[in-house]
Amino acid sequence: MKIAAQVGPRAIAIQVERDDRLYVVDIDGQSHVVDARKLEGDFYSLLTAGRSYEVTVEYRADAYHVRHGAAEQVVRLTDPGRKAREGARTPGPERILTMMPGKVVRVLVAAGDAVSAGQGVVVVEAMKMENEITAGRAGNVQSVEVKPGQSVEGGALLVIIE
Amino acid sequence: MKPIAKVLVANRGEIAVRIIRACHEMGIRSVAVYSDADRDALHVRFAHEAYPLGPPEPAASYLNVERIIDVARSCGAQAIHPGYGFLAENARFARACGDAGLTFIGPSPEVLEAVGDKVRARATMIAAGVPVIPGTPPLPADPAAAAARAAEIGYPVLIKAAAGGGGKGMRVARNERELPSLLAQARGEARSAFGDPTLFLEKLIVRPRHIEVQVLADAHGSCLALGERECSIQRRHQKLIEESPSPAVDAATRAHLQELAVRTVRAVGYVNAGTVEFLRDADGRFYFIEVNARLQVEHAVTEMVTGIDLVRSMIEIAGGGSVPVRQEDVELRGHAVECRIVAEDPARNFLPSPGTIRGLRTPSGPGIRYDDGTYAGWTVPVYYDPMIAKLVAWGRSRGESISRMARALDELRIDGLTTSVPLHRKVMACEAFVRGDLHTGFLEQHPELLVPAADPWLDDIAVVAAAIAHFRRMEARSAAGGETATTAARSAWRWGGHTGWRG
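Chains as they are written, first to last, in our numbering: chain A, 520 to 681; chain B, 245 to 747.
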């Protein structure tokens, strides 16, 4: 399997094959033979060239977040074929949700407003704190689905951006 | 007084588990209470008995005085331990317990009122000769008279608007020369912001350290001071890392602080466990801030260095017993440090990060104590405080406890949530922290600690790990007969991106 990935500004070409319990991972032409075990949760134990690594690998938002102790490395997938497949499935407006229940404290945008990526749209209070929910991409606000003071469930739709 | 054979724990999370453990060690039956959001919580599973309180909102559950008293009476508990937060310093609750024939495990309602009123507590401490942050009454309009007041309390001084708030009308004057013009500016700002130009002065505490003394007093006249804790590493004015003893306190200073703390609690007739909080300025002077009339989150570091079980002592004292040792037998051994593990993202202004714990490995080994209320598979509710665990390390020296803490943080894995673990790990390696150069603005001064670090070790293996994880995911996906649905829904929440994916 060929994978195109990016770490920071660096583009990386990866090839992965499995040989029974071992993985052969080629990174930019350099080969690593890895005995990899997925343990509980997102923990991986990796043995390669006599070295033992234990890392946590979480996948979210098209990227693998690899952590150990205080360090984190984000490996972003850039496979063009994959982008095209997933891109075709997810056209249309962006629906901004809150993933946890709470109370809407403030609504920062109105229908028709232009928003930029990362701009705050709604402030939800949860865990005794106020949290600003932001737009994932730039666009125009199609509709605002909540009002200040309203309680929202996890997964509730807040704002639609077109 | 009825002997205490059954205790209701009016709290949740790690502190409820901590109190239940003490009860079980004492042969006391434990009673948990829980909100609808906490049916699956660990404290409910640990207790001998458990009763529902109602809806998740604290006002309807853990703050519901009438319901909690009803449960305690109907289940036959003799006493209630309030933990910290919620009803712990609520005089009305303590009084309602007494009226219902229940023992409140904590100070009397009268003491809670006396120390809970900040203005009254300050006046009591001034009368008892305990130093408070120097301040003035409202200033006269004459600048020369104001300068005389400023000289009395010492520079730098903070100029504050009497009607103030939100920083309006506030100025820092570093010397007598700049005082008059700053007073004029502040007066003008106060007049336009509040319609009242009245100002007063307070001594500005430069690079303050937060240092507090644990006390334990019984109803027979004994009052122990159990050393100090330093809690200067804070975010949003809430403590994040605590230790005992403080690197800024020597034996003579400790004796002085302990004497001040005992004088403070004796001034209000305090019985049971409490904490007297002080600020230490850059010149080593201490100022009383307040009394915390409850068990503190950070009580564990004191337990590690004194060997005294504070929760057990609280229950014994509430039942009419005595403090466990004499003051001269209190021995502070070694050093302990505590990290509060919170479900927050330090890199994003400590944004709360509740969610489901997918994988958990807790640290252990020499000198390590891990107090929590979590388990793998448990979902952290959004209704309550984001603190999910306390990791405590003990060592013969401060250096040893810090190296043990660093090692334990490397062992601790909490999957599924963003937590403060990486921040704690970086603080343990931070030269200023190791040197003991602490103050309450430490994290603002070291913003590099808030973001994940680069690590050559991880750089070597991260791409390999990600590639293998991706390969396995694709393999599982084709084995399942095609691609699983993903969602176009996105939000800034860090867990927003992996909706529907469970690896």
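For every residue, glycine included, the Cβ atom is placed at its ideal position computed from N, Cα and C. Note that this is a predicted model, so its numbers are computed, not measured.
- Taking the C-beta atoms as reference points, B:Val-374 is found no nearer than 7 Å to B:Pro-400.
- Between the beta-carbon of B:Glu-456 and that of B:Glu-521 there is about 4 Å, and that keeps the pair under the 8 Å contact cut.
- B:Arg-256 and B:Asp-284 have their C-alpha atoms some 11 Å from each other.
- DSSP places B:Ile-248 outside both helix and strand once states are collapsed to three, so it counts as coil.
- For the stretch 276-295 of chain B, the set of positions with a beta-carbon nearer than 9 Å to some beta-carbon of chain A is empty.
- For B:Ser-318, no beta strand (DSSP E) run applies; the uninterrupted alpha helix (DSSP H) run containing it begins and ends at 309-319, by DSSP.
- Contact annotation, A:Asn-659 with A:Glu-681: C-beta distance approximately 6 Å; criterion of less than 8 Å satisfied.
- Under the Cβ criterion of 7 Å, A:Asn-659 is not counted among the residues facing chain B.
- Counting the other Cβ atoms within 10 Å of the Cβ of B:Ser-608 gives fewer than 16, which makes it exposed.
- Of B:Leu-687, B:Ser-664, B:Thr-663, B:Ile-370, the smallest CA-CA separation from B:Cys-674 is found for B:Leu-687.
- Chain order gives the chain A residues near B:Pro-630 as Met-646, where near means a beta carbon separation below 7 Å.
- In this structure the stretch 444-456 of chain B lies against the stretch 375-390 of chain B, because at least three pairs of beta carbons, one per stretch, are closer than 8 Å.
- For the C-beta of A:Ile-522, the chain B residues within less than 7 Å are, from N- to C-terminus, Ala-711, His-714.
- No Cβ-Cβ contact shorter than 7 Å links B:Ala-332 with B:Arg-480.
- In the three-state DSSP reduction, B:Pro-590 falls in the helix class (H, G or I).
- Between the alpha carbons of B:Lys-412 and B:Pro-351 lies a gap of roughly 38 Å.
- Leaving aside the five residues that flank A:Ser-564 on each side, the residues in its chain whose CB is nearer than 8 Å to its CB run, in chain order, Ala-555, Arg-556, Leu-558, Ser-571, Tyr-572, Glu-573.
- B:Trp-638 and B:Leu-468 have their alpha carbons spaced roughly 22 Å apart.
- Inclusion of A:Ala-589 and B:Arg-669 in the CB contact set at 7 Å is warranted, their separation being smaller than that value.
- In the assembly as shown, A:Met-520 is an exposed residue. Its beta-carbon has fewer than 16 other beta-carbons within 10 Å.
- Burial state of A:His-587 is buried, judged by a 10 Å Cβ sphere holding 16 or more other Cβ atoms.
- The residue from B:Glu-575, B:Tyr-614, B:Phe-444 with its alpha-carbon nearest to that of B:Gly-551 is B:Glu-575.
- Ala-555, Lys-557, Leu-558, Glu-559, Gly-560, Asp-561, Phe-562, Tyr-563, Leu-565, Thr-567, Arg-570, Tyr-572, Glu-573, Val-574, Thr-575, Val-576, Glu-577, Tyr-578, Arg-579, Ala-580, Asp-581, Ala-582: these are the residues of the stretch 555-582 of chain A whose beta carbon lies less than 9 Å from some beta carbon of chain B, given in chain order.
- Within the same chain, Cβ atoms closer than 6 Å to the Cβ of A:Asn-650 are found at Val-643, the five residues on either side in sequence being excluded.
- Beta-bridge annotation (DSSP): B:Lys-412 is not paired with any residue.
- By the 16-neighbour rule on beta-carbons within 10 angstroms, B:Pro-384 is exposed.
- Apart from the 5 residues on each side of it in sequence, B:Ile-370 sits with its Cβ closer than 7 Å to the Cβ of Val-376 in its chain, given in chain order.
- With fewer than three CB-CB distances shorter than 8 Å, the stretch 302-321 of chain B does not count as touching the stretch 661-677 of chain A.
- Annotated as distal: A:Glu-613 and A:Gly-674, with beta-carbon spacing of 7 Å or more.
- Close partners of B:Met-718 in chain A (Cβ separation under 8 Å): Met-520.
- About 5 Å separates the Cβ atoms of B:Arg-311 and B:Leu-297, confirming a contact at the 8 Å cut-off.
- Runs of alpha helix (DSSP H) with 4 or more residues, each lying fully within the stretch 346-393 of chain B, are found at 353-360, 362-371, listed in chain order.
- Taking a 10 Å sphere around the C-beta of A:Ala-524, we find 16 or more other C-beta atoms and assign the residue as buried.
- Straight across, the Cα-Cα distance linking B:Glu-560 with B:Ile-349 is about 9 Å.
- Under the DSSP assignment, B:Val-277 falls in the beta strand (DSSP E) whose first and last residues are 273-279.
- Interface annotation, A:Ile-546: in contact with chain B, CB-CB separation under 7 Å.
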